[in-house]
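All remarks here apply to the structure that follows.
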Amino acid sequence: MSVDGQAPPEATVGPRSEGRHEAPVSTGGRTRSRLGFGLLALLLMAALGVGIATQVSSAGSGDHLDSARPADLLAVLGNLNQREAALRQEIADLEQTLSKLEAGGGSSSAALDEARAQLSALSIQVGTVAATGPGVMLTVQDPGKAVGSEVLLDVLQELRAAGAEAIEISGSGTDPIRIGVDSWVSGGGGNVTIDGRKVSAPFQVIAIGDPPTLAAALNIPGGAVDAVARTGGRLQIEQSMQVTIAALREIKPRKYAQPEN
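What follows is the structure in C-alpha cells.
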C-alpha cells in the first residue's frame, strides 16, 4: 500500500517541490553568467518536474496493490527507486552548479540565492537535513494493539496530501524515523515495521506544514482520526508554531536505477 499509489504494500511517501525560477543576467561576464544561469534554470525545472509528477500521482489510492502480482510489485518498486535516484541526482547536480556559480565572479547573488533555496528544499524532501517550522504533533494511542500499517498509512497520506513538507514518526522506546521517498510501513496491529524497524504504540508523529490545514485534513469525516477510532485507538493532535524534525535518512548508493535525462 503506498502513499502515491506506486509502491508495494509497504508505504511510500513521495516528495513535493514548489518554487519559481529566474536567472537574471549580470552586467559583467555576460557569456559565462548566461551559461551558468541557463544550466541552473534547467536544473530547477527538472527538480520541479520531479515534485509535480510525484504530487499528482499521490492523489491515487494504493489499495489495489494488496492483490497485485509479485512481478507487478517488483516493477512498481523499480519505478520508486528510479524516482528516488532522480531526486538525489538533482541534489548532486545542484550542489555542483552552486560551486560553479560561487567560483564565477560574474554570477549574480540572486541566482546563488535561488540555487541555495532549491537545494535546501530538495534536501528536506529527501530527508538528509533537519527541518524546523510550524506544524503538528500527533499521538496515536493503541491500547488494543489494533492500529496496523494501513491505519498509519492513512495518517501519513493525509498529512502529505495536506501539504506536509517533512514528517517523522517514532514509537515507544524507539528513535524517530524520518519519512522519505522510499519509506515503507508493514505489519498488523502490535507488529508494525517502518523502514525495517519495529515500532510499538503509542506512536508519535511530527509534521511540518500549515498547522490548521494539517489538523483539518486529519479530522475530515472518515479520515485519519476516524480510522484510528475504528480500531479502538485515539489520535490526538497538537498544533504548534514551532516543531523540529531532527531524524535524518541515510543516503543509499544506487545499484541499478539511473535518473532520466
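Counting in the UniProt record's numbering, the sequence shown runs from 1 upward without gaps.
Note that beta-carbon positions come from the ideal geometry of N, C-alpha and C, so glycine has one too.
For Ala-166 and Gln-125, the rounded distance between their alpha carbons:
7 Å
Among Ile-237, Ile-177 and Gln-118, the one whose alpha carbon lies nearest that of Pro-211
Ile-237
In whole angstroms, what is the alpha-carbon distance linking Ser-57 and Ile-206?
Residue confidence is low: Ser-57 scores 34 on pLDDT, short of 50, so the model does not pin down where it sits. Its coordinate-derived value is still stated next. If I take the Cα positions, the gap works out to 23 Å.
Tell me whether the beta-carbon of Pro-134 lies closer than 8 Å to the beta-carbon of Gln-204.
no
Leaving aside the five residues before and after Ile-194 along the sequence, list all residues of the same chain whose C-beta is less than 6 Å from its C-beta, in chain order.
Ile-177 and Val-185
Gly-188 to Ala-146 span [Cα, whole Å]:
7 Å
Drop a sphere of 10 angstroms on the beta-carbon of Thr-132, count the other beta-carbons inside from all chains shown, and report buried for 16 or more, exposed for fewer.
exposed
Where DSSP assigns a beta bridge to Met-241, which residues make up the other side?
DSSP, once it has assigned bridges, lists no residue as partnering Met-241.
Using the beta-carbon count (16 or more within 10 Å), is Arg-160 buried or exposed?
buried
Just reading off the beta strand (DSSP E) that Thr-139 is part of, what are its end residues?
131–141
To the nearest angstrom, report how far apart Ala-214 and Gly-171 are at their CA atoms.
What sits at residue 214 in the sequence shown is Leu, not Ala. Cα to Cα, the separation comes out at about 21 Å.
Rounded separation between Arg-197 and Glu-90 - CA only
28 Å
Return the residue from the list Glu-250, Tyr-256 and Lys-255 that minimises the CA-CA distance to Val-129.
Glu-250
Contiguous beta strand (DSSP E) assignments of at least 3 residues, all confined to the region 141–197
166–170 and 192–194
Going along the chain, which residues of its own chain have a beta-carbon closer than 7 Å to the beta-carbon of Gly-209, five neighbours each way excluded?
Gly-135, Ala-162, Gly-163, Ala-164 and Glu-165
Tell me whether Ile-251 sits in a helix, a strand or coil according to DSSP, three-state version.
coil
Near Ser-200, what residues of its chain come up, given a Cβ to Cβ distance below 8 Å and the 5 sequence neighbours on each side ignored?
Gly-171, Ser-172, Gly-173, Thr-174, Gly-190 and Val-192
With a 10 Å radius around its C-beta and 16 neighbouring C-beta atoms as the bar for buried, classify Gly-14 as buried or exposed.
Here Gly-14 scores only 44 on pLDDT, less than 50, and its place in the model should not be relied on; the value that follows carries that caveat. It is buried - the Cβ of Gly-14 has at least 16 other Cβ atoms within 10 Å.
Do the CB positions of Ala-217 and Asp-154 come within less than 8 Å of each other?
no
For Ser-120, does the count of other Cβ atoms within 10 angstroms reach 16, so buried, or fall short, so exposed?
exposed
What three-state label does DSSP hand Ala-207 in the structure shown?
strand
Give every residue of the same chain whose Cβ lies closer than 6 Å to the Cβ of Thr-244, excluding the five residues on either side of it in the sequence, and list them in chain order.
Thr-132
Per DSSP, which residues does Val-126 bridge with? Please list them.
Val-126 is not bridged to any residue.
Ser-123 versus Pro-202: straight-line alpha-carbon distance, rounded:
29 Å
Alpha-carbon spacing of Lys-255 relative to Asp-182, whole angstroms
15 Å
Which residues in the same chain have their Cβ closer than 7 Å to the Cβ of Ala-227, if we skip the five residues on either side of it in sequence?
Val-151 and Asp-154
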